[in-house]
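Visitor: Below are the structure tokens for one structure; questions will follow.
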Amino acid sequence: MPEGVRVLQLPENAGIPAGRNRGAELVAGDYVFFLDDDASLPSPTFLLDAVALLRREGDVGLLQPRVVDPSGVASPRRWIPRLRKGDPAESSDVFSVWEGATLLPRDVFDACGGWGEPYFYAHEGIELAWRVWAQGRRVRYAGDLVAHHPAIDPARHAEYHRLNARNRVWLAKRNLPWPLVPVYVGSWTAVQVLRWATTPRRLGAWFGGWAEGWRTSPGGRRSMGWATVARMARSGRPPVI
2 MPEGVRVLQL PENAGIPAGR NRGAELVAGD YVFFLDDDAS LPSPTFLLDA VALLRREGDV
62 GLLQPRVVDP SGVASPRRWI PRLRKGDPAE SSDVFSVWEG ATLLPRDVFD ACGGWGEPYF
122 YAHEGIELAW RVWAQGRRVR YAGDLVAHHP AIDPARHAEY HRLNARNRVW LAKRNLPWPL
182 VPVYVGSWTA VQVLRWATTP RRLGAWFGGW AEGWRTSPGG RRSMGWATVA RMARSGRPPV
242 I
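Here it is, written out as structure tokens:
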């Protein structure tokens with residue numbers, strides 16, 4: 002590794018969120034930046050530009066760049082974390098993030114409690130974004146900043162469908178006022194049934210995780226207030242879908 006780079010090797014696979022948290026515990030500074038091992042930054046001034054954006058817009062507590070496959074393959078629309086995808090180069094406030102390249106002020110990250118370790122994989126970026134909004138901050142998708150990442154199907158992970166569903170239920174149970182928990186889970190259940198109605202094997206694995214999410218407790222509940230729910234709704238996306 003280059004000089005000045007510290008390597009941390011964990012004794013076992015604790016999951017993606019826990020791995021990020023262990024690394025964050027070893028560094029100091031006003032900002033913390035997370036970059037997945039299969040992502041890269043094409044611009045040498047990326048961090049300078051991203052920090053300048055956070056300083057310019059003082060109420061932004063979490064930043065995700067536009068994600069591009071460097072080979073020229075069309076980038077998945079899921080990398081644009083908003084309902085109306087539109088132009089990938091257009092910046093906007095968002096309510097979830099693609100976790101592979103994210104920047105936060107250190108005090109905001111610490112106030113969020115870090116990444117949600119119980120998830121292991123999937124949806125921890127939604128929770129982080131929600132907890133930033135709950136601090137009275139905004140989450141920003143910066144279409145003018147670029148990170149590179151290969152366009153790979155997330156379903157390549159054997160546990161993808163189960164964890165996708167389990168974590169969707171856990172996300173609601175950890176973060177939403179109780180009356181909204183069944184609304185949020187119900188809306189996403191409808192979405193998945195419509196998406197995968199012709200692939201019963203996927204749907205079967207998904208519902209296995211769905212049942213696990215209701216049956217088990219992830220702990221760490223920190224419900225957002227109704228004022229945060231209202232603010233998110235006014236900003237374009239209430240936390241029910």
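Count along the sequence shown from 1, add 1, and you get the number used in my numbering. Built from N, CA and C at the ideal position, the CB exists for glycine as well. In this text the structure is predicted, and so the values were computed from the model without any measurement.
(1) Starting from Gln10, trace the alpha helix (DSSP H) both ways and give me its first and last residue.
(2) Taking the continuous beta strand (DSSP E) assigned at Arg62, which residues delimit it?
(3) I need the DSSP call for Ser72, collapsed to helix, strand or coil.
(4) I need the DSSP call for Gly144, collapsed to helix, strand or coil.
(5) Asp31 by DSSP, collapsed to three states: which one?
(6) Thinking C-alpha only, which one of Trp99, Pro119 and Ser41 is nearest Gly20?
(7) Taking one C-beta from the segment 207-214 and one from the segment 160-178 each time, how about it: are there three or more such pairs within less than 8 angstroms?
(8) Which class does Pro155 belong to by DSSP, given the choice of helix, strand or coil?
(9) If you draw a straight line from the alpha carbon of Ala191 to that of Met2, how long is it in whole angstroms?
(10) Along the beta strand (DSSP E) that carries Leu204, what are the first and last residues, could you check?
(11) Shortest alpha-carbon distance to Arg163 belongs to which of Leu49, Ile17 and Arg202?
(12) Tell me which residues share the same chain as Ala135 and place their Cβ nearer than 6 angstroms to its Cβ, disregarding the 5 neighbours each side in the sequence.
(13) If we ignore side chains and look at the alpha-carbon of each, how far apart do Arg56 and Trp179 end up?
(14) If you run the structure through DSSP and keep just helix, strand and coil, what is Pro106?
(15) Cα separation between Phe47 and Glu128?
(16) Beta-carbon within less than 8 angstroms of Gly30's beta-carbon, same chain only, minus the 5 sequence neighbours each way: which residues are those?
(17) Apart from the five residues just before and just after His150, which ones in its own chain have a Cβ nearer than 6 angstroms to its Cβ?
(18) Quick check: Glu91 and Gly144, are their CB atoms within less than 8 angstroms of each other?
(19) Provide the residue span of the alpha helix (DSSP H) that contains Arg23, from first to last.
(20) Based on the DSSP secondary-structure assignment, which residues constitute the bridge partners of Arg139?
(21) Quick check: the Cα distance between Phe35 and Leu104, rounded to an integer number of angstroms?
(22) What is the DSSP secondary structure of His162, reduced to helix, strand or coil?
(23) Looking at C-alpha atoms only, which residue of Ile17, Thr199 and Asp38 is the closest neighbour of His124?
(24) With distance defined between alpha-carbon atoms, name the residue in Ala231, Asp88, Arg85 and Trp99 nearest to Pro66.
Guide: Judging by the given coordinates:
(1) The continuous stretches of alpha helix (DSSP H) do not include Gln10, and DSSP gives it neither H nor E.
(2) In the sequence on display, residue 62 carries Gly and not Arg. It spans Val61 to Val69 - the beta strand (DSSP E) in which Gly62 sits, taken as one unbroken run.
(3) coil
(4) strand
(5) Note: Asp31 maps to coil in three-state DSSP.
(6) Pro119
(7) A contact exists between the segment 207-214 and the segment 160-178.
(8) helix
(9) Ala191 and Met2 have their alpha carbons spaced roughly 47 angstroms apart.
(10) Premise fails: Leu204 lies in the alpha helix (DSSP H), Pro201 to Arg216, not in any beta strand (DSSP E).
(11) Arg163 has its Cα closest to that of Arg202, out of Leu49, Ile17 and Arg202.
(12) Met225 and Thr229
(13) 35 angstroms
(14) strand
(15) Distance between the alpha carbons of Phe47 and Glu128: 25 angstroms.
(16) Arg107
(17) Ala40, Val68 and Gly101
(18) yes
(19) Ile17 to Ala25
(20) Val61
(21) 7 angstroms
(22) helix
(23) Ile17
(24) Trp99
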